[in-house]
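6 protein chains.
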Amino acid sequence: MRPNRLRELWKSGKPALNGWCQLPDSISAEVMAHQGWDCVTVDLQHSAVTEVEAVTMLQAISTTDAVPMVRTPWNEPGVIMRLLDAGAYGIICPMVNNRADAEAFVAACRYPPDGIRSNGPYRALMYGGADYQAHANTEIVTFAMIETQEAMANVDEIAVTPGLDGLYIGPSDLAMAHGEPPVLDHFDGPIVPLIARIREAAHAAGKVAGLHGASAEYAIRMISEGFNLVTPTSDIRLVAAGAAQMVADIKAG
Amino acid sequence: MRPNRLRELWKSGKPALNGWCQLPDSISAEVMAHQGWDCVTVDLQHSAVTEVEAVTMLQAISTTDAVPMVRTPWNEPGVIMRLLDAGAYGIICPMVNNRADAEAFVAACRYPPDGIRSNGPYRALMYGGADYQAHANTEIVTFAMIETQEAMANVDEIAVTPGLDGLYIGPSDLAMAHGEPPVLDHFDGPIVPLIARIREAAHAAGKVAGLHGASAEYAIRMISEGFNLVTPTSDIRLVAAGAAQMVADIKAG
Amino acid sequence: MRPNRLRELWKSGKPALNGWCQLPDSISAEVMAHQGWDCVTVDLQHSAVTEVEAVTMLQAISTTDAVPMVRTPWNEPGVIMRLLDAGAYGIICPMVNNRADAEAFVAACRYPPDGIRSNGPYRALMYGGADYQAHANTEIVTFAMIETQEAMANVDEIAVTPGLDGLYIGPSDLAMAHGEPPVLDHFDGPIVPLIARIREAAHAAGKVAGLHGASAEYAIRMISEGFNLVTPTSDIRLVAAGAAQMVADIKAG
Amino acid sequence: MRPNRLRELWKSGKPALNGWCQLPDSISAEVMAHQGWDCVTVDLQHSAVTEVEAVTMLQAISTTDAVPMVRTPWNEPGVIMRLLDAGAYGIICPMVNNRADAEAFVAACRYPPDGIRSNGPYRALMYGGADYQAHANTEIVTFAMIETQEAMANVDEIAVTPGLDGLYIGPSDLAMAHGEPPVLDHFDGPIVPLIARIREAAHAAGKVAGLHGASAEYAIRMISEGFNLVTPTSDIRLVAAGAAQMVADIKAG
Amino acid sequence: MRPNRLRELWKSGKPALNGWCQLPDSISAEVMAHQGWDCVTVDLQHSAVTEVEAVTMLQAISTTDAVPMVRTPWNEPGVIMRLLDAGAYGIICPMVNNRADAEAFVAACRYPPDGIRSNGPYRALMYGGADYQAHANTEIVTFAMIETQEAMANVDEIAVTPGLDGLYIGPSDLAMAHGEPPVLDHFDGPIVPLIARIREAAHAAGKVAGLHGASAEYAIRMISEGFNLVTPTSDIRLVAAGAAQMVADIKAG
Amino acid sequence: MRPNRLRELWKSGKPALNGWCQLPDSISAEVMAHQGWDCVTVDLQHSAVTEVEAVTMLQAISTTDAVPMVRTPWNEPGVIMRLLDAGAYGIICPMVNNRADAEAFVAACRYPPDGIRSNGPYRALMYGGADYQAHANTEIVTFAMIETQEAMANVDEIAVTPGLDGLYIGPSDLAMAHGEPPVLDHFDGPIVPLIARIREAAHAAGKVAGLHGASAEYAIRMISEGFNLVTPTSDIRLVAAGAAQMVADIKAG
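Structure representation (structure tokens):
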């Protein structure tokens, strides 16, 4: 099976730069995949991307060395298994609030006896290789998102869930859950210690920690604090911010 | 009929800032349309956008005040009429090389007796209003692209084609046609006078001039030289350049 | 945030006329949205419409003043949140049978602390405005469908669910659930008192009441009985009934 | 090869009722095909329907006995051949202005030695049967649209084009071409004799005559005048008119 | 209502040959449906097929006499009801592990009072006929997949679930669940008695038994052992194996 | 620029095995691309594949080493340029009947000064590399199809067209053009010398020769006769023939 380069990166102590695709088309995904990211995540939760486009986006990412990942729309076994069958090498699951959520998520990602994943990797076999089923349980990467008060209360026992590879932070949800505005980059304020707490819980359990953000500056800071995966932007954000800046620059000129 | 804001801008002597959509999805188009452009062009020539996505992209742009435009894939009456029926308020036609090309292009855009456009504006009626057919010939904007040696030789007689509203420059094609590399922004070099020549031909004929570019700086310069419409970037360019910069910044950090 | 015109209508004591889209394309949705409805609902339950088309249909409706609504395929938080992110200003949820169902439905529609909705309104921000998250909990309209025996038994406690805005009746399901044929318009018979019972439960709880139907005559009667939202037809019904009538008229002629 | 029921109808002296599909989805097409039309035409000229949807729409129509027809977006051999390969049993070609146009259109529809159609009926073989190529030239129906001043001047020599089966009138284009507003149903006025002239040219050449309209009343009148195929409405028209009437009726109630 | 030919086959003691569609397009489905299968199943679990393509695939299958079936992506009532509304005449549900799973599955497939299916068969009415709702509960075929250790332990009580028509075996999942490699055709080895056990449980309950396989030889053997439905290949398998063989043959030549 | 492996193969005197994709989905294309073909051609002429699917199919093929090719629907510059922009490394053009046709085809494929191709390789740049424009004219492969009587008469002057790389034979069209049934594999009969004639014309001009067929046996024979590229099957053919054989085998068993 084609090895998961994320595992190799982390073994060597390096952080992963993660691109984020919210635009529902395979051209945008291929463009993103060519820009030097270690992995590229197709977001099926907060976007117009459905499984229809996700498959062609995973194909587009597979024309490069970037590791193809997805964020599942919800913690549902049917869609998780379909995304894995389509060749995702990593899954980020939103709203994992307790140990039971984490276990259900992991079970959907692993073949028996580790989990309940059903067999039929119609595209993963092409991307991963003919021995895919023999190694998928240990190659595929799983991230549980910590983004609610309940999840904060259970973060340690979530972190130690067998088969779970990492915790991933949605800072804006985490902020809203704690009565703060939906901001992504927290250089200071009440969400900073929560983010540190989650990172520490992951590392204490021997797992990796990743998070969402909205700038290179914040990504650099988070890497320096030990995060193993950072997502500093998305394609929608690049189009919106880039275009707005261009219009402003010309009007100013 | 809903008036074409481009005509109003030009009457008041102002240039139009034009956004450019190459990504084949309606979300990217809606994001672009919200960033302050005067008009947004759906490019069906050099992109994966087909008529399938173009229609939903025109719908997405129509949720804003930005004028919906298209670049037709080629100077073919069938597709030009279909794009107008779908609600495009402006058409940019590539590779117009002589007066006959220009006349054929304009004829496809105008109802009789001005042209040969067939009646059936299934969506344009909704966007433009119930009196669409009575005013479409004078509201819809038409641009002929000047981007070959032959077109340069015929630029004056193209410019004066009745019913043609403007000339639009594809600088990279113009460069390749004259033995230069496919560069967009020409601050100096042999393409600069050609660009000026086209602008002057347009203005001499009482028409507008527009051009493609790749930076705010160039757009500002071109506006200062009298261009009436500038396209300083595209959604693909924003994703590619923005992501590459983000990756580079983080790696540098 | 763009105000929800449905709330304004109801505050002024007026009923809402609701268009219903079952055809999976954005042109049909835009055509519907131009015919004078106060709101237009994209039906993802009993139709071929999936999230793929729903997004472009919501864009199409957003070119008009009609309030964009959806019927979710099922009471599942993942899809409900995705439809809200896509810009739905109202959600009708089928098969709400008891208080727990109603609470789960409402929770999926509301940001913390009122609910568990996850943050990421990628399109809703464009449609609603930059302050969307601050007001979404009070602007978005939620309807629970009452259409089973169990729901009838629990109608009062469903109606008073905090955050739920209204009850919506699926008369044909309600009929089948009570051993009657799947008819929509009930001018008399055993379903009439059930419909009245639901309307009264909604109003007693200070909520609105809406229902499905199949004729102007029935819609007029239901409005006169106090219903706040009526759905008198759908695009599929208009095509089928209109075409069958046309064929019959010509054959008769 | 499955016989073309239109030819059987015409042999028995009966007119054909033709449904018209402008909505780009296969559900609307299937709904239309179930309402009793003799044939159903997928319109690729004045609609958002492209070849993508046309194929699934032809499949949907093929679940019924209605003869599947198309209107090609333009008189281009590539797209005409593709639509025939997809299983269209009849083709209506817009803007046929002279004998050369008509001959080019017919040539694209016929295999050698009658024409230049290329072999590869990937779906037509399934719909028509294994002997499709042996009979397609005589079963497939071809209509040339007469809708310009030039076409009126050449109507007789267009009508006698070998291999052409009929003339089809686009009344609103014909009206605009003669300085009249884009109306479909002409009960009186200057377009009436033109329509009669085209019908007579078709019949004099031993061909059939068809036309577009917008009411049962007009279709009945045209049948009584000898037209062999009438198109009295379209799916878009049914949705728009039906919904507007419903809203008006309820507001009046 | 159009009768379900599978029930007729089984009444006459004949096995059903089942084609299997994993390619997400309606042309492949129509090609499959023309090859002589008694029924054709659209697989939404282990494929890129979503509801978007499934609807057009069901339309394509409906151009033939083959019974249109689906495998639902998961045991979820929302999607099961949508697939039935789209005209599926049979549903195979994966991962039915116990009586509660089986009852939930069947309930989603049956109208009250037998189940909880919601009314709105927008396409099933066209395929099945106007009296669809009156007969759907007894015509639609339901298969529960037995493919885990838990399901083996509960196979008898699953088999006798009222309203369930048959058991369907996923041999590769069953093998993985019992520590064996993911093989489809089990001519010998430890999975053979499990397959026999499931078949016997089905027949003991008066239900039918079906299974997946990968060769004509295995299908023939399974029919001889009493299986009522066999699936010997899929479209993806035919493309992959056929192309690989062709390449090998030419290279060998 | 990524080198075109077809040119390398031919330089070393080896024939190319060409897979053929008529199914309009990217999964089928990816499956085909994994079976060992030297190149895989997406057929946009005789299939339901449009540019919409062709782009994702080219992406899918690009996940492998197989050279991505297309057959253009017709000899039209707009679509040819769009397919090249999408990353096609080879183009087969149908119905090239004379020197003018061949020159127009080649011109559409080559940047100035060799041709008229417009600049904008939005995806080809990613697949080919940043120096794509500098080398595309010499790397992209062009095939003219010889399949009519007129083409036979002009085969020599077509073959020597500068910039044309090869001749490709459509045997069934060639047969029909000469009064024979539409057969692909011609082991004997009147089409055999025509096929030899085309091959000799290509080789005499220093060009390559390719052809379509329907079996390994015929491909082997044609390779032995000197053909440089053979297409022995297609995905549709594999599904249809494979499924029919499977059904027959089981019924025979």
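Chains as they are written, first to last, in the numbering used here: chain A, 6 to 258; chain B, 6 to 258; chain C, 6 to 258; chain D, 6 to 258; chain E, 6 to 258; chain F, 6 to 258. Idealized CB from N, CA, C, for every residue including glycine. Please read all numbers here as calculations on a predicted model, not as lab measurements.
Given a cut-off of 7 angstroms, decide if A/Thr236 and A/His208 are closer than it, judged by their beta-carbon atoms. no
Are D/Gly41 and C/Val197 close, meaning C-beta to C-beta below 7 angstroms? no
For a quick check, are the C-beta atoms of A/Trp15 and A/Val213 less than 7 angstroms apart? yes
Name the DSSP bridge partner or partners of F/Val72? F/Cys44
At a Cβ cut of 9 angstroms, what residues of the stretch 80–95 of chain B count as close to chain D, listed as they run along the chain? Glu81, Pro82, Gly83, Val84, Met86, Arg87, Asp90, Ala91
Is there a Cβ from chain A that is less than 7 angstroms from the Cβ of F/Glu56? no
Residue of E/Arg76, E/Asn233, E/Thr143 minimising C-alpha distance to E/Pro8: E/Thr143
Buried or exposed (CB count within 10 angstroms, at least 16 for buried), D/Ser229: exposed
Chain-ordered chain B contacts of D/Pro237 [CB-CB under 7 angstroms]: Result: empty, since nearest Cβ-Cβ is about 16 angstroms, beyond 7 angstroms.
Report the neighbours of B/Ile241 on chain I: residues whose CB is nearer than 8 angstroms to its CB, in chain order. Protein chains A, B, C, D, E and F are contained in the structure displayed, whereas chain I is not.
For E/Ala129 and E/Gly120, which I take to be in contact (beta-carbon distance under 8 angstroms), what is that distance rounded to the nearest angstrom? The Cβ separation is near 15 angstroms, so there is no contact.
Quick one: measure Cβ to Cβ for A/Tyr127 and E/Ser52, integer angstroms, because I've assumed they're closer than 8 angstroms. 6 angstroms
Which of the residues in the stretch 22–51 of chain E, read from start to end, lie with their CB under 9 angstroms from any CB of chain F? Leu22, Gly24, Gln27, Leu28, Pro29, Asp30, Ser31, Ile32, Ser33, Val36, Met37, His39, Gln40, Gly41, Trp42
Along the chain, where does the alpha helix (DSSP H) that runs through F/His140 open and close? 137–144
Check whether the Cβ atoms of A/Asn233 and A/Pro82 sit closer than 7 angstroms, and answer yes or no. no
Contiguous beta strand (DSSP E) assignments of at least 3 residues, all confined to the stretch 105–168 of chain C: 146–151
Can you find a CB in chain D that lies within less than 7 angstroms of the CB of B/Gln64? no
With a threshold of 8 angstroms, are at least 3 pairs of Cβ atoms found where one atom belongs to the stretch 83–98 of chain D and the other to the stretch 86–94 of chain B? no
E/His217 lies in the beta strand (DSSP E); which residues open and close that run? 213–217
Going by DSSP in three states, F/Val235 sits in which element: helix, strand or coil? strand
Please list, in chain order, all residues of the same chain as E/Tyr132 whose beta carbon is under 6 angstroms from its beta carbon, the five residues on each side excluded. Ser67, Gly92
C-beta atoms of B/Asp170 and A/Leu28 nearer than 7 angstroms: no
Does the beta carbon of C/Met131 come closer than 7 angstroms to any beta carbon on chain B? yes
Which residue or residues does DSSP assign as beta-bridge partners of A/Asn285? No information on residue 285 of chain A is available, as it lies outside the stretch 6 to 258 that chain A covers here.
Within 7 angstroms (strictly less), CB to CB, does F/Val244 reach chain E? yes
Can you tell me the Cα-Cα spacing of A/Cys44 and D/Asn103, whole angstroms? 59 angstroms
Contacts that D/Ser177 makes with chain B (C-beta to C-beta distance below 7 angstroms): Asn124
Own chain partners of A/Asn2 with C-beta closer than 8 angstroms, once the 5 adjacent residues on each side are dropped: Nothing about residue 2 of chain A can be reported from this structure: the residues present for chain A run from 6 to 258 only.
Cβ atoms of B/Glu56 and D/Thr55: under 7 angstroms apart, would you say? yes
For D/Ala59, which residues of its own chain have a beta-carbon under 7 angstroms away from its beta-carbon, when the five flanking residues on both sides are left out? Val47, Leu49, Val75, Leu88, Ala91
Would the beta-carbon of B/Leu172 fall within 7 angstroms of that of B/Glu152? no
Closer than 8 angstroms by beta-carbon distance: list the chain B residues that pair up with C/Thr261, in chain order. This structure cannot settle anything about residue 261 of chain C, because the visible part of chain C is limited to 6 through 258.
Give the residues of chain B in contact with A/Asp170, contact being defined as C-beta atoms less than 8 angstroms apart. By Cβ distance, chain B contributes nothing, its closest Cβ being about 22 angstroms from A/Asp170, past 8 angstroms.
Go ahead and pull the three-state DSSP assignment for F/Tyr173. strand
Could you list which residues in chain D have their beta carbon closer than 8 angstroms to that of C/Ile255, in chain order? Leu22, Ala221, Ala224, Ile225, Ile228, Val235, Pro237
Leaving out the 5 sequence neighbours to the left and right, which residues in its chain are closer than 8 angstroms to D/Asp161 when beta-carbon positions are compared? Ala206, Ala209, Ala210
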